[in-house]
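Here the structure is laid out as C-alpha cells; the discussion comes afterwards.
There are 2 protein chains.
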Amino acid sequence: MTMEYATPYRRASRIPADPGKPYFIEKGEGDRAHLFGDLITIYAGGEQSENTFNFFTVEGPKGNLIPAHLHPDTYEVFYVTAGAVRLFVEDTEGNQQEKLLTPGDFGFVPKNCPHAYRMERHHSQVVGVAAGPGGTFERFFENLGAPADQLGLPVEPVVPEPHKFATVPRQYDVRFLPDHEWRTR
Amino acid sequence: MTMEYATPYRRASRIPADPGKPYFIEKGEGDRAHLFGDLITIYAGGEQSENTFNFFTVEGPKGNLIPAHLHPDTYEVFYVTAGAVRLFVEDTEGNQQEKLLTPGDFGFVPKNCPHAYRMERHHSQVVGVAAGPGGTFERFFENLGAPADQLGLPVEPVVPEPHKFATVPRQYDVRFLPDHEWRTR
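Those protein sequence lines, which keep their order, are chains A and B. Quick note on UniProt numbering: the first sequence kicks off at 1 and runs consecutively. Quick note on UniProt numbering: the second sequence kicks off at 1 and runs consecutively.
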C-alpha cells in the first residue's frame, strides 16, 4: 500500500500532512527538488518534529562545487552514504579544515561556520540534517531551485533566476560568501 | 590528524568538548555503546546543536528484536544504510503498520507512537535521529547498556542489570511496553 498526501509543498507527497502520523518512504520517493546539478530528497521536514529537525539526502555528479556559505542559526550534518565528498569547513576563529568523506564518514558544521563541499565521485550521496533552535530549512532547495516530480538527477542544471539570490537564501538562513577563499591546500 | 577530546561521556572522544567547533568522524569512530547484541555509535549528541538533534547509528546481528516502546516527547528517524530492518509502528489511534526497510528506505516514528524493530540480515545498520522539543536521548544506550572502547558488535550480549530498567528508560524518555502485541501479521 502506498499512501500519497496533499501537503503545502506537493500535490502528492509521501510525507503525511498530519505530523503526528508514522510513515515509511522508500528510497528516492521523498519530496524531490533540483538545484544546479543536484537532486535533493526530503524525507522529513520540520513539521514532522515540532520544528526540531529535518532529514534529507543530496545526490550529485562528480565535480559539483557548492559555494562557500554559512548558516547563522542552523547546525548541519554531512553523513556520506555513497561515493566520496570533500567537505571544507572553517571555525568561527578562521581555522580551516577539509576532509574527503567516504561512506559512513561524518562531518558536523556548527552555526556560523563557513563551509563548502564538492562531490568527488559520480553517484555520491550525502545524508543531511540541518536544524537549529530557530527551525529547519529543508525547503531552501526547491525555492532557490525547483520542485521535481521525476526521479534522478536533473537532466539539465537548474540555474536559479538571479533575483532569487537576493531573497531566498536569507529566508532559509543561508548566507553565501562569494569572496571566501579556502587555504587548506 | 586525528583529534581526541575529553568530554563528560568519554576520556577520548572524536566529538569536541566545545560544541561550537566543526569536526569530522570517520566511520565507526563515534562514541560507542553496547546494549544486548547491538553496537550504537554516536556521531553528534544534543550538545552539538543546542539540544536540537542528535545523530547515531545502530548495528546489529540478524534476529535481534527490540521490544515495543514509545517516547512521550521524542520523534525518531530510522534510515537504513545496510542490510534489512523490519520496523513496526502504531499510531496514537491504535492503527499498526510494519515494513521491511532496505538501504535508502526511511521510517518516521512520532512521539507517543509504540514501535519496535528487528534486524533481518546480519550486518544491518540503521541511522537514527531522535529528538524533540525536550531534547535528545542518545546517552540512553550506554546508560542502560555500557560504553564500549572496542570497534564492532559486542562479543557477548550486554544484558542490563534488572534495577536499571526501573530508572534509566524514564530518564531518557523511553517507555517499554511489555504487554504490547503486533497484529500486523
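Just so it is clear, CB atoms sit at the ideal spot from N, CA and C, and this is done for glycine as well. Please read all numbers here as calculations on a predicted model, not as lab measurements.
Report the neighbours of residue i on chain D: residues whose CB is nearer than 7 Å to its CB, in chain order.
| i | result |
| --- | --- |
| residue 44 (chain A) | No chain D appears in this structure, whose protein chains are A and B. |
Using a Cβ-Cβ cutoff of less than 6 Å, which residues in the same chain neighbour residue i once the five nearest sequence positions on both sides are dropped?
| i | result |
| --- | --- |
| residue 14 (chain A) | 25 and 29 |
| residue 64 (chain B) | 37 and 119 |
| residue 42 (chain B) | 30, 31, 56 and 138 |
| residue 106 (chain B) | 79 |
| residue 180 (chain B) | 68 and 114 |
| residue 157 (chain A) | 36 and 37 |
| residue 16 (chain B) | 5 and 23 |
| residue 104 (chain B) | none |
| residue 53 (chain B) | 129 and 131 |
Residue i by DSSP, collapsed to three states: which one?
| i | result |
| --- | --- |
| residue 48 (chain A) | helix |
| residue 144 (chain B) | helix |
| residue 67 (chain B) | strand |
| residue 171 (chain A) | helix |
| residue 165 (chain B) | helix |
| residue 9 (chain B) | coil |
| residue 135 (chain A) | strand |
| residue 18 (chain A) | coil |
| residue 3 (chain A) | coil |
| residue 159 (chain B) | coil |
| residue 128 (chain A) | strand |
Comparing C-alpha positions only, which one of the options sits nearest to residue i?
| i | options | result |
| --- | --- | --- |
| residue 40 (chain B) | B:46, B:31 and B:48 | B:31 |
| residue 133 (chain A) | A:17, A:18, A:21 and A:50 | A:50 |
| residue 34 (chain B) | B:59, B:107 and B:4 | B:59 |
| residue 20 (chain B) | A:79, A:69, A:23 and A:89 | A:89 |
| residue 178 (chain B) | B:81, B:116, B:68 and B:108 | B:68 |
| residue 46 (chain A) | A:27, A:18 and A:117 | A:18 |
| residue 81 (chain B) | B:23, B:162, B:122 and B:116 | B:122 |
| residue 125 (chain B) | B:48, B:85, B:71 and B:66 | B:85 |
| residue 142 (chain A) | A:102, A:161, A:135 and A:131 | A:161 |
| residue 99 (chain B) | B:117, B:83, B:159 and B:110 | B:117 |
| residue 159 (chain A) | A:3, A:7 and A:66 | A:66 |
Check for me: the beta strand (DSSP E) holding residue i runs from which residue to which?
| i | result |
| --- | --- |
| residue 86 (chain B) | 85-90 |
| residue 60 (chain B) | 55-60 |
| residue 153 (chain B) | Careful: residue 153 (chain B) lies outside any beta strand (DSSP E) and carries neither H nor E. |
| residue 115 (chain A) | 115-119 |
Tell me the DSSP bridge mates of residue i?
| i | result |
| --- | --- |
| residue 96 (chain B) | B:90 |
| residue 107 (chain A) | A:78 and B:24 |
| residue 31 (chain A) | A:42 |
| residue 177 (chain B) | BP columns for residue 177 (chain B) are empty, so no partner. |
Within a Cβ cutoff of 7 Å, which residues of the same chain sit near residue i, ignoring the five residues on either side of it in sequence?
| i | result |
| --- | --- |
| residue 91 (chain B) | 113 |
| residue 183 (chain A) | 96 |
| residue 151 (chain B) | 28 |
Identify, in the order they occur along the chain, each residue of the same chain with its Cβ nearer than 8 Å to the Cβ of residue i, setting aside the five sequence neighbours on each side.
| i | result |
| --- | --- |
| residue 108 (chain B) | 75, 76, 77 and 78 |
| residue 169 (chain B) | 69, 140, 144, 175 and 176 |
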